[in-house]
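Q: Those sequence lines, one after another, are chains A and B.
68 is the number that our numbering gives to position 87 of the first sequence; each next residue is one higher, with no gaps.
One rule links them: number in our numbering = place in the second sequence (from 1) + 9.
Backbone N, C-alpha and C define an ideal beta-carbon position, used for all residues, glycine too.
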Amino acid sequence: GAGVSQTPSNKVTEKGKYVELRCDPISGHTALYWYRQSLGQGPEFLIYFQGTGAADDSGLPNDRFFAVRPEGSVSTLKIQRTERGDSAVYLCASSLTAGPNTGELFFGEGSRLTVL
Amino acid sequence: AQKVTQAQTEISVVEKEDVTLDCVYETRDTTYYLFWYKQPPSGELVFLIRRNSFDEQNEISGRYSWNFQKSTSSFNFTITASQVVDSAVYFCALSDDLSGYALNFGKGTSLLVTP
């Protein structure tokens, strides 16, 4: 499809395990964003890529969280030593340009992570 | 620091009623952007509107309208003649000029429209 694609849609893991979540943005979109949405809350910004580099990673909660975008397209969010508090829906979004002064932000359907 | 408050957690209306979703924001920036997103049960956030801080004109799009008032730091959203398909969680969000789409979201208002 033409939208933002995220895999897996659901992931159940045990506390302490390593998890990778993948995002395939809309073709040609230079900016890519990761958000986290806990139950009953609004999305919370994690990290933003402009091309291959992380332009702003101020939202990552701690050093267990890491994200890459090696070729400026697909991005992977990596979570080490998962904790129960990491359980949330992880949303990916992309936009044609970096800022809200032009263009629209398109979201994927999210990856629901459950840490037992 | 930026903050968005959506005081209404849940709203329930009967079809064809008008409903207004409130959004109050806080920011020290002179240039900023306000957004509304819709999140249906499928989970995907759907963009509804973007408004920059220099444009206080109200906007109407079909049954949707938005009232931006800088004097009260509010950006309220009204749905006229609501329909069952409008049932969703609606989020108001704020961004400054430098943060791109690192949006600050409110907690959302869950709207239920019953037949």
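1) Who are the near neighbours of A:G91 in its chain, counting only those whose CB is closer than 8 Å to its CB and skipping five residues on each side?
2) DSSP state of A:T(-6), grouped into three classes?
3) Between the region 46 to 64 of chain B and the region 16 to 33 of chain B, do at least 3 Cβ pairs fall closer than 8 Å?
4) When we look at the beta-carbon of B:N67 and count the other beta-carbons within 10 Å, is it buried (16 or more) or exposed?
5) How big is the Cα-Cα spacing for A:Y(-1) and A:N43?
6) With three or more C-beta pairs closer than 8 Å as the rule, is the region 91 to 107 of chain B touching the region 4 to 13 of chain A?
7) From this set, B:L120, B:G117, B:N113, which residue's C-alpha is nearest B:Y42's C-alpha?
8) Quick check on the DSSP output: what are the complete beta strand (DSSP E) runs of length 3 or more inside the region 35 to 76 of chain B, in order along the chain?
9) Report yes or no: is there a C-beta of chain B within less than 8 Å of the C-beta of A:F88?
10) Determine the chain B residues that contact A:V70 at a beta-carbon separation under 8 Å, and present them in chain order.
11) Provide the residue span of the beta strand (DSSP E) that contains A:T95, from first to last.
12) Assuming B:Y34 and B:L57 are in contact, meaning their beta carbons sit under 8 Å apart, how far apart are those beta carbons, in whole angstroms?
A: Quick look at the numbers:
1) Here residue 91 of chain A refers to the residue found at position 110 of the first sequence. Result list for A:G91: Q(-13), S(-10), Q18, V70, Y71, L72, C73, in chain order.
2) Walking along the first sequence from the start, residue -6 of chain A turns up at place 13. Here A:T(-6) sits in strand by DSSP.
3) Inter-segment contact for the region 46 to 64 of chain B and the region 16 to 33 of chain B is absent: fewer than three beta-carbon pairs are separated by less than 8 Å.
4) Sequence index remark: in the second sequence, residue 67 of chain B carries index 58 (1-based). Exposed is the call here.
5) In the first sequence, the residue the question calls residue -1 of chain A occupies position 18. In the first sequence, the residue the question calls residue 43 of chain A occupies position 62. Their Cα atoms are separated by approximately 15 Å.
6) Counting Cβ pairs under 8 Å, fewer than three are found: no touch.
7) Here residue 42 of chain B corresponds to residue number 33 of the second sequence, with the count starting at 1. Nearest option by C-alpha distance: B:N113.
8) For secondary structure counted as the beta strand (DSSP E) over 3 or more consecutive residues, the region 35 to 76 of chain B holds these complete runs in sequence order: 41 to 48, 55 to 61, 68 to 70.
9) Looking up residue 88 of chain A in the first sequence gives position 107. With 8 Å as the cut-off, A:F88 counts as an interface residue toward chain B.
10) Taking the first residue of the first sequence as 1, we reach residue 70 of chain A at position 89. Under the 8 Å cutoff, chain B gives G52.
11) What you label residue 95 of chain A is simply residue 114 of the first sequence in a count that begins at 1. 92 to 96 is the span of the beta strand (DSSP E), which, as asked, contains A:T95.
12) Taking the first residue of the second sequence as position 1, residue 34 of chain B is located at position 25. Taking the first residue of the second sequence as position 1, residue 57 of chain B is located at position 48. About 16 Å separates the two Cβ atoms, so there is no contact after all.
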